[in-house]
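Asks: The opening position of the sequence shown corresponds to residue 5 in the numbering used here, with each subsequent residue numbered one higher.
If you scroll down you'll find the structure; I have some questions about it.
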Amino acid sequence: MYIRFQKLKNTNMKKIQLLVLISLIFFTVSCQKDKGVQFYNLGSEFSISSPGYTSLDSQAALAIKNISKNLTTVKIINMGGTLADGSAFTSSFTGSISINGDGIGSTTLTDSELGMDGIGASANFEFDAVVDGKPFSRYYTLSETDPISVTAPDVMHVSGSDTTYYLHFKIEPVSATVTGVKVQTKVGKNGTYNDVSGTFSAKDSVAIVGANYNLGDSLYVNIIGTAGSKTANTETAIAIQPNTFPNTASFKLDSTSMRAYDLVGDSAVTVSDATADIKLAVRSYTGGFDLGFSSPNNTSFVKGMASDYKVADQMAIAATDFSSAVTSVANVSVGDVYIFKTMRGTTTHYGVMEVTAVVKPQGVLDDSYITIEYKY
Numbered sequence: 005m006y007i008r009f010q011k012l013k014n015t016n017m018k019k020i021q022l023l024v025l026i027s028l029i030f031f032t033v034s035c036q037k038d039k040g041v042q043f044y045n046l047g048s049e050f051s052i053s054s055p056g057y058t059s060l061d062s063q064a065a066l067a068i069k070n071i072s073k074n075l076t077t078v079k080i081i082n083m084g085g086t087l088a089d090g091s092a093f094t095s096s097f098t099g100s101i102s103i104n105g106d107g108i109g110s111t112t113l114t115d116s117e118l119g120m121d122g123i124g125a126s127a128n129f130e131f132d133a134v135v136d137g138k139p140f141s142r143y144y145t146l147s148e149t150d151p152i153s154v155t156a157p158d159v160m161h162v163s164g165s166d167t168t169y170y171l172h173f174k175i176e177p178v179s180a181t182v183t184g185v186k187v188q189t190k191v192g193k194n195g196t197y198n199d200v201s202g203t204f205s206a207k208d209s210v211a212i213v214g215a216n217y218n219l220g221d222s223l224y225v226n227i228i229g230t231a232g233s234k235t236a237n238t239e240t241a242i243a244i245q246p247n248t249f250p251n252t253a254s255f256k257l258d259s260t261s262m263r264a265y266d267l268v269g270d271s272a273v274t275v276s277d278a279t280a281d282i283k284l285a286v287r288s289y290t291g292g293f294d295l296g297f298s299s300p301n302n303t304s305f306v307k308g309m310a311s312d313y314k315v316a317d318q319m320a321i322a323a324t325d326f327s328s329a330v331t332s333v334a335n336v337s338v339g340d341v342y343i344f345k346t347m348r349g350t351t352t353h354y355g356v357m358e359v360t361a362v363v364k365p366q367g368v369l370d371d372s373y374i375t376i377e378y379k380y
C-alpha cells in the first residue's frame, strides 16, 4: 500500500509542475504581446485645420491641435498640388510649427509658399512629427475658393411696371480686407459691360427692374471685388422671364357628362350655372358634325398663337385687343390657341387656352369630346 501511495504522489507533483510550466508560457507570451502593442502605439495625435483661403487673400493660416500635448514641433512640407487650370505644380517649401504646452500651434503661409494661382487650385501638405523616437505623418489639403457669393432673383418682364427685384451679393475673403466694389451689367452674352452707378459695399444688392428689359433678354451682372492688389469677379446671368399665369389646368367637354366649365373656379358646372364660361358646341351637317365651343354667359375669345400659350404673359394677355372678340367657335383643331376674358361681378379675369384633343370616334356624337388645357 505504501509503494502505491508514493507513485500517486509523484504523479500529482508532475501534474502540478506541468500546470506551472504552462502558466509561465502564457504569461511570457502575454507580456510579449503587450510589448508588441506598445511598439505600434504612436502615443500622440494631432489634427490640422484652416479657416480657408480665397482668391482675394494673400495668405492662409494653418492650425494644429496636439491632443496628447506631448509634441513641441511639427514639420510642414508643401507636396505640391493642382493649379486652377487642372495642371499640377510642385513646391520646395518646408517649415516647422512650434507647439505650446496646451498642444496648440499655428503658421501663416504666403501666396508663394502656398503655390496656388486661382479659384479651384489646391495644395497638399504633409505634417511630420516624432514621439519617443517614432516618426509619423498627417496630411491636409487646402483649396482656393471664390470669395464672392450671389443670390439672384427670378426677374419678370412686366411692361409698364416699376416692380424691382434685387440681386444680393457678399464679398468675403478670409483674412484680407475688401477695399473696392464695382458692379457692371450687360444685355446678352456678346453685349458690352457698363458700370452701375452708385457706391457698393462688400455686402450689398443690385436693383433690377424687369420692365427695363425685353422678354427673353439675358441680363449679365458682374460683381468685382478688390482687396489690396488682388481682384476677383463673379458673373451671373439672369433670364428676363414672362410674367406667367400661376395656374394651369385642363378639362374635357363632351355632349353628356361634361358640358360646361368654370374657367375662373377650375371646375365643371352645368350650362345654366352663372359661372359657366365655356360649353361644348356641336354643328351638324349632312354626313357628320363639327366640335367647337361657345360661351353660355359673358366670356369672349380671341384667336391667339402658339407663343401666346407657351409664354402666357399676364400683362400681354390682358393687353389683348378684344374689340373683334367672338363668343363661339364652330370648329376647333388640335393646337388652336384662344385668349379669353370673363367677368365675376365687376372683376375681369383673363387667361389663355389651347385645344389638346378633338375626338370623334366613328362619328358617334355621344362618344366625342374636346380637351382643353388653359393657364389663368
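We put the CB at the ideal spot given by N, CA and C, even for glycine.
#1: Per DSSP, which one or two residues make a beta bridge with K73?
#2: Could you check what DSSP says for V162 in three-state terms: helix, strand or coil?
#3: Which value, in whole angstroms, describes the spacing of the CA atoms of V362 and D370?
#4: Can you tell me where the alpha helix (DSSP H) holding S311 begins and where it ends?
#5: Is N216 helix, strand or coil by DSSP?
#6: Can you tell me where the alpha helix (DSSP H) holding D115 begins and where it ends?
#7: Of all the options G355, L75, A67 and M120, which has the alpha carbon lying nearest to the alpha carbon of T252?
#8: Taking all protein chains shown into account, decide if Y380 is buried (16 or more other Cβ within 10 angstroms of its Cβ) or exposed.
#9: Leaving aside the five residues before and after N247 along the sequence, list all residues of the same chain whose C-beta is less than 6 angstroms from its C-beta, in chain order.
#10: Rank K345, G296, K138 and G56 by C-alpha distance to the C-alpha of S179 and give the top, closest one.
#11: Could you check whether L146 and S54 sit closer than 7 angstroms to each other, using their CB atoms as the reference points?
#12: May I ask you to report which of helix, strand or coil DSSP gives I321?
#13: Round the Cβ separation of K174 and S153 to the nearest angstrom and send it over; I've been treating them as touching at under 8 angstroms.
#14: Return the bridge partner residues of Q245 from the DSSP annotation.
#15: Quick check on the DSSP output: the beta strand (DSSP E) that includes M347 runs from which residue to which?
#16: Please tell me whether, using a cut-off of 6 angstroms, the distance from the CB of S48 to the nearest non-hydrogen atom of the ligand ATP is below it.
#17: Here's a check: name, in chain order, each residue in its chain whose Cβ is nearer than 8 angstroms to the Cβ of K283, leaving out the five neighbours to either side.
#18: Rounded C-beta distance between N74 and E117? I'm assuming under 8 angstroms.
#19: With a Cβ-Cβ cutoff of 7 angstroms, do A236 and Y224 count as a contact?
#20: Give the straight-line distance between the Cα atoms of A64 and G122, rounded to the nearest whole angstrom.
#21: From F30 to G105, what does the alpha carbon distance come to, in whole angstroms?
#22: For Q36 and G85, I'd like the C-alpha separation in whole angstroms.
#23: Starting from E377 and walking both ways along the beta strand (DSSP E), at which residues does that stretch end?
#24: Do E130 and P151 have their C-beta atoms within less than 7 angstroms of each other?
#25: Based on the DSSP secondary-structure assignment, which residues constitute the bridge partners of D266?
#26: What does the Cβ neighbour count give for D325, buried or exposed, with the cut at 16 atoms within 10 Å?
#27: What span of residues does the beta strand (DSSP E) with D258 cover, start to end?
#28: CA-CA distance, T98 and V185?
#29: If we ignore side chains and look at the alpha-carbon of each, how far apart do Y378 and E358 end up?
Replies: Quick answer:
#1: Its beta-bridge partners do not exist; DSSP assigns none.
#2: coil
#3: 13 angstroms
#4: A310 to V315
#5: helix
#6: D115 to L118
#7: G355
#8: buried
#9: M160, V162, D317, Q318 and M319
#10: G56
#11: yes
#12: helix
#13: 5 angstroms
#14: M160
#15: V341 to R348
#16: No copy of the ligand ATP appears in this structure; indeed no ligand is present at all.
#17: L257, R263, A264, Y265, V275, F297, S298, S299 and P300
#18: With 8 angstroms as the limit, N74 and E117 do not qualify as a contact, their Cβ atoms being about 28 angstroms apart.
#19: no
#20: 14 angstroms
#21: Confidence is the limiting factor: at F30 the pLDDT is only 46, short of 50, which leaves the residue's position unreliable, though a coordinate-based value still follows. For F30 and G105, the distance between alpha carbons rounds to 42 angstroms.
#22: Caution is warranted here: a pLDDT of 44 is assigned to Q36, below 50, making its placement in the model unreliable, and the coordinate value is therefore given only provisionally. Straight-line Cα distance between these residues: approximately 44 angstroms.
#23: Y373 to K379
#24: no
#25: S271
#26: exposed
#27: T252 to D258
#28: 36 angstroms
#29: 6 angstroms
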